[in-house]
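Residue numbers for the sequence shown follow our numbering, beginning at 38 and rising by one.
Every residue, glycine too, gets a C-beta built ideally from N, C-alpha and C.
Every value quoted in this text rests on a predicted model; they were computed, and no experiment measured them.
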Amino acid sequence: NLLFPNGLVISPDGQMLYLAETLAGRVVQCRISPEGDLSEPRPFVKLTADGMTGDRAGGVWACCPIGDEGVLRYDSAGRLTAKVATPGGHPVACALAGAKQDDLWIVGFETLPVGANLFEAMRKGETKGVLWRAKVSIP
38 NLLFPNGLVI
48 SPDGQMLYLA
58 ETLAGRVVQC
68 RISPEGDLSE
78 PRPFVKLTAD
88 GMTGDRAGGV
98 WACCPIGDEG
108 VLRYDSAGRL
118 TAKVATPGGH
128 PVACALAGAK
138 QDDLWIVGFE
148 TLPVGANLFE
158 AMRKGETKGV
168 LWRAKVSIP
């Protein structure tokens, strides 16, 4: 009963799954049993998210392609702890890299005029992909 499931993160201890329901405007969490079964989804944060990644401290980084929120980090309790701007575009996927996992790589698309269809604009070459890199701090 999920509405457009999208980004997916599993906590470092392997006990929690986070899932973006893009069209529902929320991220849910499910417990993962030792047998690999999932509990019923429960709300984590109210947010229109696309791609997501997790960090070693249990944080969830969520790309917000609508508006100008950029990429937001939430701790395991659902508290907003960081925001990374994505000037000139909208993020859709991200990944942490580097020896300290402090490089956040983000991909997205250029800002479109209001009412424009992303996929049509891409087919026509009216928008381009964008790549950002940000130094981040993991608690």
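Item                                                                                                                                                             : Value
Taking three-plus beta-carbon pairs below 8 Å as touching, is the segment 127–140 in contact with the segment 157–164?                                           : no
Starting from Arg160, trace the alpha helix (DSSP H) both ways and give me its first and last residue.                                                           : Leu155 to Arg160
What does the alpha-carbon distance come out to for the pair Gly88 and Val151?                                                                                   : 22 Å
Compute the Euclidean distance between the alpha carbons of Ser48 and Gly104, then round it to the nearest angstrom.                                             : 27 Å
How big is the Cα-Cα spacing for Val108 and Gly126?                                                                                                              : 11 Å
Expressed to the nearest angstrom, what Euclidean distance is found between the alpha-carbon atoms of Leu54 and Gln66?                                           : 5 Å
Classify Ala94 as helix, strand or coil using the three-state DSSP reduction.                                                                                    : coil
Please name the residue or residues paired with Lys83 in a DSSP beta bridge.                                                                                     : Arg63
Looking only at its chain, what residues have a beta carbon closer than 7 Å to the beta carbon of Leu149, apart from the 5 residues adjacent to it on each side? : Leu155, Ala158 and Thr164
Report all residues from its chain with a CB closer than 6 Å to the CB of Ala171; omit the five preceding and five following residues, and keep chain order.     : Val121 and Leu141
Could you tell me which whole beta strand (DSSP E) segments of length 3 or greater appear in the segment 120–170?                                                : 126–134 and 140–147
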